[in-house]
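Chemist:
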């Protein structure tokens with residue numbers, strides 16, 4: 001029997017094979033005015049990664065606006081001829097693309113409504129680029145329709161870089177050799193956030209590293225985890241004020257600053273080998289924001305994911321995170337594998353047993369859906385949703401999700417030189 005080819009092209013990814021906030025919304029005909037633009041066109045850029053050294057060439061989305069409101073109608077733009085690049089959207093899932101209006105510019109790929117709020121990521125590194133430059137991650141923020149009781153809303157994007165002695169940056173997937181490791185916070189070697197006593201911050205932590213699991217800790221503040229991988233969670237205090245993030249993962253935290261005026265509270269990063277200071281929360285001498293700290297926060301508004309999953313009648317799939325059926329994306333924007341990892345009827349629950357047979361941790365990502373991490377006895381799940389999971393060597397983890405749309409699954413070892421690997425799944 002002939003083995004079916006599964007192709008992945010740029011247009012499919014731009015159309016949202018990874019995007020839960022997106023849904024096709026309206027006919028492209030008869031539209032009289034332009035809607036906000038979600039610009040996914042990749043551009044050459046430069047970034048000051050090493051203090052006192054020349055800027056490093058990178059690829060990025062430039063200064064494109066990436067903050068919207070839930071319910072916004074947006075146009076997605078891309079240019080596959082520019083740098084042979086495009087951005088995939090982490091944390092989103094969508095249905096079939098809305099037809100393009102022939103009267104609109106050809107750069108407009110589709111029109112959609114942002115139906116879910118959360119912290120998402122525009123990932124430029126899924127396909128290699130022909131220049132061999134590293135790429136930046138870009139936060140995509142969709143704000144809730146409801147009022148969220150915080151004084152400030154800040155995004156903290158952490159990125160990892162490998163720079164050789166000659167100043168050239170090594171992109172992920174290539175051997176770093178003797179390259180030096182650098183981290184940036186919001187594109188800077190160090191980033192400071194100002195605060196007043198008794199203020200409550202919403203800090204949107206994003207691990208923009210494409211290979212490294214990190215932990216981020218804030219000194220002397222109370223940290224409430226409010227959302228993980230774009231989806232609200234039942235609030236819980238972060239252990240020791242630290243959050244752990246796999247590559248591409250996001251954690252929304254509420255932070256109560258209770259330190260006295262004049263305090264300089266460190267933001268630490270730990271990547272398994274050493275602890276680095278990557279920024280500070282500086283408490284201003286101004287009067288406190290309020291006499292006492294706010295009480296524990298209520299949950300964020302739901303994005304409408306199902307309260308229950310039917311595990312009893314689920315399709316069950318065993319998936320090793322290596323092997324010949326995984327494909328490595330190429331700069332041409334195409335990838336193929338012998339067959340989809342699984343096929344499932346729309347609306348049915350899928351339980352996937354993920355096995356890491358490698359000698360290092362492996363990061364699994366489900367493009368197109370969020371999943372529950374099942375308990376060891378397969379009789380319940382953790383009280384949060386994920387789209388990304390780091391699995392230790394020799395371990396098997398089980399996840400469950402309700403299938404709605406076709407999408408991609410991705411696997412990459414937590415090693416700088418490791419390639420990203422893809423497979424697909426079909427929802428019929």
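Numbering (UniProt numbering), first residue to last: 1 to 428.
Beta carbons: idealized from backbone N, C-alpha and C, even for Gly.
Quick one: Cα of residue 323 to Cα of residue 130, how far?
Modeler: The residue given as residue 323 occupies position 323 in the chain shown. The residue given as residue 130 occupies position 130 in the chain shown. Roughly 26 Å separates the two Cα atoms.
Chemist: Go ahead and label residue 236 buried or exposed: buried means 16 or more other beta carbons lie within 10 angstroms of its beta carbon, across all protein chains shown.
Modeler: As a working mapping, residue 236 is identified with position 236 in the chain shown. Label assigned to residue 236: exposed.
Chemist: So, helix, strand or coil for residue 26, using DSSP?
Modeler: Looking up residue 26 in the chain shown gives position 26. Because the pLDDT of residue 26 is 42, which lies under 50, any placement of that residue in the model is unreliable, and the number read from its coordinates should be weighed accordingly. Coil at residue 26, not helix or strand.
Chemist: Can you look up residue 70 in the DSSP assignment and give me helix, strand or coil?
Modeler: Residue 70 sits at position 70 when you count from the first residue of the chain shown. In the structure shown, residue 70 sits in coil (DSSP, three-state: anything other than H, G, I, E or B).
Chemist: Taking 8 Å as the threshold (C-beta atoms), are residue 247 and residue 363 in contact?
Modeler: For this step, residue 363 is matched to residue 363 along the chain shown. For this step, residue 247 is matched to residue 247 along the chain shown. Yes, they are a contact pair.
Chemist: Identify, in the order they occur along the chain, each residue of the same chain with its Cβ nearer than 7 Å to the Cβ of residue 32, setting aside the five sequence neighbours on each side.
Modeler: Here residue 32 refers to the residue found at position 32 of the chain shown. The predicted model places residue 32 with a pLDDT of 41, which falls under 50 and marks its position as unreliable; any figure quoted below should be read in that light. The answer is none, since no qualifying residue turns up.
Chemist: When you compare the region 249-265 with the region 176-183, are there three or more beta-carbon pairs, one atom per stretch, that lie closer than 8 Å?
Modeler: Contact between the region 249-265 and the region 176-183 is absent, because fewer than three Cβ pairs lie under 8 Å.
Chemist: Give me, in chain order, the residues of the same chain whose beta-carbon lies closer than 6 Å to that of residue 157; leave out the 5 immediate sequence neighbours on both sides.
Modeler: Within the chain shown, numbered from 1, the residue matching residue 157 stands at position 157. Within the same chain, residue 157 has close Cβ partners 139, 186, 206 and 208.
Chemist: According to the Cβ coordinates, are residue 257 and residue 195 closer than 8 Å?
Modeler: Residue numbering aside, residue 257 sits at position 257 when the chain shown is read from its first letter. Residue numbering aside, residue 195 sits at position 195 when the chain shown is read from its first letter. Taking 8 Å as the Cβ cut-off, residue 257 and residue 195 qualify as a contacting pair.
Chemist: Which first and last residues belong to the beta strand (DSSP E) in which residue 159 is found?
Modeler: In the chain shown, residue 159 corresponds to position 159, counting from 1. Residues 152-163.
Chemist: Hey, residue 425 and residue 340 are a contact pair by Cβ (cut 8 Å); roughly how many whole angstroms apart?
Modeler: Position 425 of the chain shown, counting from 1, holds the residue named residue 425. Position 340 of the chain shown, counting from 1, holds the residue named residue 340. With 8 Å as the limit, residue 425 and residue 340 qualify as a contact, their Cβ atoms being about 5 Å apart.
Chemist: Within its chain, find whatever has a CB closer than 6 Å to the CB of residue 418; leave out the 5 residues flanking it on each side and keep chain order.
Modeler: The residue you call residue 418 lines up with position 418 of the chain shown. Closer than 6 Å at Cβ, skipping near neighbours: 412.
Chemist: Does DSSP put residue 118 in a helix, a strand or coil?
Modeler: Residue 118 sits at position 118 when you count from the first residue of the chain shown. Residue 118: strand per DSSP, three-state reduction.
Chemist: Output the distance between the C-alpha atoms of residue 266 and residue 191, rounded to the nearest integer angstrom.
Modeler: Taking the chain shown and counting its residues from 1, one reaches residue 266 at position 266. Taking the chain shown and counting its residues from 1, one reaches residue 191 at position 191. Taking the straight line joining both Cα atoms gives about 10 Å.
Chemist: Which whole-angstrom value describes the C-beta separation of residue 73 and residue 121, a residue pair presumed to lie in contact below a C-beta threshold of 8 Å?
Modeler: As a position in the chain shown, residue 73 is number 73, starting the count at 1. As a position in the chain shown, residue 121 is number 121, starting the count at 1. Not really, about 21 Å apart at Cβ, beyond 8 Å.
Chemist: Indicate the three-state DSSP secondary structure (helix, strand or coil) for residue 429 in the structure shown.
Modeler: The structure shown has nothing for residue 429, since the chain only spans 1 to 428.
Chemist: Which value, in whole angstroms, describes the spacing of the CA atoms of residue 166 and residue 55?
Modeler: Here residue 166 corresponds to residue number 166 of the chain shown, with the count starting at 1. Here residue 55 corresponds to residue number 55 of the chain shown, with the count starting at 1. Computed Cα separation, rounded: 12 Å.
Chemist: Please report the Cβ distance between residue 200 and residue 151, rounded to the nearest whole angstrom; I am assuming they are in contact, meaning their Cβ atoms lie under 8 Å.
Modeler: If you number the chain shown from 1, residue 200 lands on position 200. If you number the chain shown from 1, residue 151 lands on position 151. Sure, about 5 Å apart at Cβ, within 8 Å.
Chemist: Tell me whether residue 240 sits in a helix, a strand or coil according to DSSP, three-state version.
Modeler: Residue numbering aside, residue 240 sits at position 240 when the chain shown is read from its first letter. Helix at residue 240.
Chemist: Give the DSSP bridge partners of residue 395, in chain order.
Modeler: Reading the chain shown from its first residue, position 395 is the one you call residue 395. BP columns for residue 395 are empty, so no partner.
Chemist: Using the DSSP secondary-structure output, state which residues sit across from residue 76 in a beta bridge.
Modeler: Here residue 76 is taken as the residue at index 76 of the chain shown, counted from 1. 38 and 110.
Chemist: Closest to residue 437 by C-alpha separation, out of 268, 52 and 134, would be which residue?
Modeler: Residue 437 lies beyond the range of the chain shown here (1 to 428); nothing can be said about it.
Chemist: Is it the case that the Cβ atoms of residue 428 and residue 290 are separated by a distance below 8 Å?
Modeler: What you label residue 428 is simply residue 428 of the chain shown in a count that begins at 1. What you label residue 290 is simply residue 290 of the chain shown in a count that begins at 1. Not closer than 8 Å, so no.
Chemist: Exposed or buried, which one is residue 400 when buried takes at least 16 other CB atoms within 10 Å?
Modeler: In the chain shown, counting from the first residue as 1, residue 400 sits at position 400. Label assigned to residue 400: buried.
Chemist: Compute the Euclidean distance between the alpha carbons of residue 416 and residue 285, then round it to the nearest angstrom.
Modeler: Translated into positions along the chain shown, residue 416 becomes position 416. Translated into positions along the chain shown, residue 285 becomes position 285. For residue 416 and residue 285, the distance between alpha carbons rounds to 43 Å.
Chemist: What do you get for residue 160, buried or exposed, if any count of 16 or more other CB atoms within 10 angstroms of its CB means buried?
Modeler: Indexing the chain shown from 1 puts residue 160 at position 160. The residue is buried, with at least 16 neighbouring Cβ atoms inside 10 Å.
Chemist: In terms of alpha-carbon separation, which member of 409, 118 and 383 lies closest to residue 365?
Modeler: Locating residue 365 in the chain shown gives position 365, counting from the first residue. Nearest of 409, 118 and 383 to residue 365, Cα basis: 409.
Chemist: Over what stretch of residues does the beta strand (DSSP E) that includes residue 385 continue unbroken?
Modeler: Counting from 1 along the chain shown, the entry for residue 385 is found at position 385. Unbroken run through residue 385: none, as it is neither H nor E.
Chemist: Taking 8 Å as the cut-off, decide whether the C-beta atoms of residue 245 and residue 326 are in contact.
Modeler: Locating residue 245 in the chain shown gives position 245, where the first residue counts as 1. Locating residue 326 in the chain shown gives position 326, where the first residue counts as 1. Going by C-beta atoms, residue 245 is not nearer than 8 Å to residue 326.
Chemist: Just to confirm, is the Cβ distance from residue 228 to residue 385 under 8 Å?
Modeler: As a working note, residue 228 is residue 228 in the chain shown. As a working note, residue 385 is residue 385 in the chain shown. Their beta carbons are under 8 Å apart, which means residue 228 touches residue 385 by this criterion.
Chemist: Given a cut-off of 8 Å on the beta-carbon distance, is the pair residue 232 and residue 299 in contact?
Modeler: By one-based count along the chain shown, residue 232 stands at place 232. By one-based count along the chain shown, residue 299 stands at place 299. It is a contact, given that the beta carbons lie within the stated cut-off.
Chemist: On a Cα-Cα basis, can you pick out the residue from 222, 215, 197 and 193 that is closest to residue 183?
Modeler: Taking the first residue of the chain shown as position 1, residue 183 is located at position 183. For the residues 222, 215, 197 and 193, the minimum Cα distance to residue 183 belongs to 215.
Chemist: Please work out which residues of its chain come closer than 7 Å, Cβ to Cβ, to residue 310, disregarding the five sequence neighbours upstream and downstream, and give them in chain order.
Modeler: Locating residue 310 in the chain shown gives position 310, counting from the first residue. Cβ neighbours of residue 310 beyond the five flanking positions: 349.
Chemist: For residue 62 versus residue 230, is the C-beta spacing smaller than 8 Å?
Modeler: Residue mapping note: residue 62 aligns to position 62 of the chain shown, counting from 1. Residue mapping note: residue 230 aligns to position 230 of the chain shown, counting from 1. For residue 62 and residue 230, no; Cβs fall outside 8 Å.
Chemist: How would you call residue 295, buried or exposed, if buried means at least 16 neighbouring beta carbons within 10 angstroms?
Modeler: Indexing the chain shown from 1 puts residue 295 at position 295. Classification of residue 295: exposed, given that the 10 Å Cβ count is below 16.
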